[in-house]
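Below: the structure, in structure tokens.
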Amino acid sequence: MIRRYATSSKEAIRLLEEDHAALEQLLKNAKVDQKDISYQPIQASKAYGGYDEGYGSNQNRDMASQIVVVESNQASAVGNVAQNAVTYFQSRGAEFTTNAMEFFYSKLEGLQKELAVMAVQDARAQAEALVGKNLGNLMALVAPQFSVTPESSAT
């Protein structure tokens, strides 16, 4: 999430839009495709009290924030950008926070078939080790059941 404080909502939103461009450039430099970036609606509100350099203490000001979602196959690149973005945006006067990264396997169907073959081979090897001899031809097979957590289930 990127958050900006300013003397007006209009100014906070303008600064937030500049931050979008900066974040997109960081991700582009890391070879993350722009189509992998999405933005949730901007949240704007009054922020009361507290202390912020440049505004002094107990100043009423406006705040704008927005959640940025990056879904990419470039997990390492996104992780590196997220790690360095906190300091980068802080130097620009913005707050940047990240949530825990989520990972999901996008080629599950092919993996399920491969795992089923491996499971049958392993079961056969264990059975042969148990009886101490070759079992011969397979007579019947009950398809294995898979339980898979759906994509992006933690959100």
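Add 36 to a position in the sequence shown, counting from 1, and you land on the number used in the numbering used here.
Beta carbons are placed, not taken as given, at the ideal position from N, Cα and C, and that holds for glycine.
Span of the beta strand (DSSP E), counted from its first residue to its last, around residue i
i	result
D98	97-102
I78	Premise fails: I78 is in no beta strand (DSSP E) and is neither H nor E.
Residue burial classification, residue i (beta-carbon count within 10 angstroms, cutoff 16)
i	result
A42	buried
S93	Reliability of the predicted coordinates at S93 is poor, the pLDDT of 48 falling under 50, and the value obtained from them is presented with this limitation in mind. Exposed.
S74	exposed
Rounded separation between residue i and residue j - CA only
i	j	result
V153	K169	21 Å
V156	E138	31 Å
D55	A161	58 Å
L147	A136	25 Å
K64	V106	12 Å
I49	Q61	19 Å
Residue range of the unbroken alpha helix (DSSP H) whose run includes residue i
i	result
R40	Segment 38-42 is the beta strand (DSSP E) holding R40; no alpha helix (DSSP H) there.
S127	111-127
Residue i and residue j closer than 8 Å at C-beta
i	j	result
F132	V117	no
A66	A130	no
M37	Q102	yes
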